[in-house]
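Scroll down for the structure; my scribbles are underneath it.
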Amino acid sequence: LLTLIGIAMIYSATACITGEPLDWQSPALRQILYALAGLAAMFALAFVDYRLYGALRWIFWGGMIALLAIVFGIGQITHGAQRWIDLRVFNLQPSELSKLIVILVVAKYMSDHEAHMSRWRNLAVSFSFVALPMALIYLQPDLGTTIVLGATWGVMALAGGMRWRDVLIIAAIFSVAAVPIFGNLRPYQQDRILTFIDPTRDPLGSGYNITQARIAIGAGGFWGLGFCSGTQSQLRFLRIRQTDFIFSVIGEELGFIGSLFVLALIVFIILRLIRVARLARTTDGKLIAVGIAGVIFIQSWVNLAMNLGLVPVVGVPLPFVSSGGSSLITLLASLGVAQSVLLRHTGLQLEGSGVKYG
45 LLTLIGIAMI YSATACITGE PLDWQSPALR QILYALAGLA AMFALAFVDY
95 RLYGALRWIF WGGMIALLAI VFGIGQITHG AQRWIDLRVF NLQPSELSKL
145 IVILVVAKYM SDHEAHMSRW RNLAVSFSFV ALPMALIYLQ PDLGTTIVLG
195 ATWGVMALAG GMRWRDVLII AAIFSVAAVP IFGNLRPYQQ DRILTFIDPT
245 RDPLGSGYNI TQARIAIGAG GFWGLGFCSG TQSQLRFLRI RQTDFIFSVI
295 GEELGFIGSL FVLALIVFII LRLIRVARLA RTTDGKLIAV GIAGVIFIQS
345 WVNLAMNLGL VPVVGVPLPF VSSGGSSLIT LLASLGVAQS VLLRHTGLQL
395 EGSGVKYG
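Using our numbering, the letters of the sequence shown map in sequence onto residues 45 to 402.
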């Protein structure tokens, strides 16, 4: 249902005002195809024992690093960022795939060292599996996904046994590192942060979209202006509306009640994943579900906060709703892995596979 709403809002944001029929270049039609591919991946992965993914984790991790490295050689450059590999059928964004793979690798390591995850050495080793992809993604540059990966590791580490005292120490370290990190950001990224602090400093430049997003959400009121009836979105005042600012389109056309319904669906998915974590028979199964829930929560919060002007614009899509093939397929595939954990909480085993887990 959430994906269907996303497809409808993508259509509204990109095709309503032009009246053009859906074709292969239409973002809405492409999103439908991505959804079908994602659903196929979800059902396929649900019927594979999730412990097999742990057994193959190094193959997945090595392939992920290779794809992230290849991006710098053959990746397409869009809006100053080199993040996509042109596969003709669609543009693959390896950084989106990295979210699921990092969860699988970290979950397996934390499970294997469950009794000692409060030790700094084990925390550091588990973070090293995240640090390299974070560094490669940061260099693309993709600050949003870098933040999501780091925060997801934090959520999994807490669930895996990290103490709150250690959380405060890590937070203090990152706070001290914030100044040199800011100095090494790209100029446009620095502008976004400065504009967040003072949106009026560049109202027609880096502050333009934040202003238009707020206007769109405010214009929607309680009930919204109606499907395909928004002003900021339909008259193209709101840029990149089908991706980063899709929530503003929802707020303008479906109003507060429609926005609340979308957020309720996201919360429902997160709560279901938490239930999967509680039912999981193994620690790695629990951590996989926690990690997926963490990604969805973090992305949703950051995207919502971006649209409301509460945090700088860092290019994080709204899960299951924003336009994008790699994001949607990866999220649906992740739900398939979580479903595999749920299906096996009663002790269902893979028989006759010859695969040894652990």
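Note that beta-carbon positions come from the ideal geometry of N, C-alpha and C, so glycine has one too.
According to the DSSP assignment, T122 belongs to the beta strand (DSSP E) that extends over 120–122. Residue burial annotation: W164 is exposed, with fewer than 16 other C-beta atoms found within 10 angstroms of its C-beta. Looking at L141, L317, S292, Y252, the one whose alpha-carbon comes closest to that of G265 is S292. Looking at the backbone, the Cα of G270 and that of T196 are separated by about 36 Å.
Excluding residues up to 5 positions away in sequence, Y94, V320, A324, G329, I332, A333 lie with their Cβ nearer than 7 Å to the Cβ of V385 in the same chain. Judged by DSSP secondary structure, A125 falls within the beta strand (DSSP E) whose first and last residues are 125–130. Here the C-alpha atom of R280 lies approximately 34 Å from the C-alpha atom of L144. Here G274 is near E297, since their CB atoms are less than 8 Å apart.
Judged by DSSP in its simplified three-state form, L136 adopts strand.
S142 and L193 do touch by the CB rule: their CB atoms are close to 7 Å apart, below 8 Å. Under the three-state reduction of DSSP, F289 is assigned to coil, being neither helix nor strand. Taking R283 as the centre and dropping the five residues before and after it, the same chain places the C-beta of N253 closer than 6 Å to its C-beta, in chain order. Taking a contact as a CB-CB distance under 8 Å, the pair S370 and I290 does not count as one, their CB atoms being some 16 Å apart. Of the candidates P224, I214, I310, A85, I214 places its Cα closest to the Cα of F171.
In the three-state reduction of the DSSP assignment, S162 falls in the coil class, being assigned neither a helical nor a strand state.
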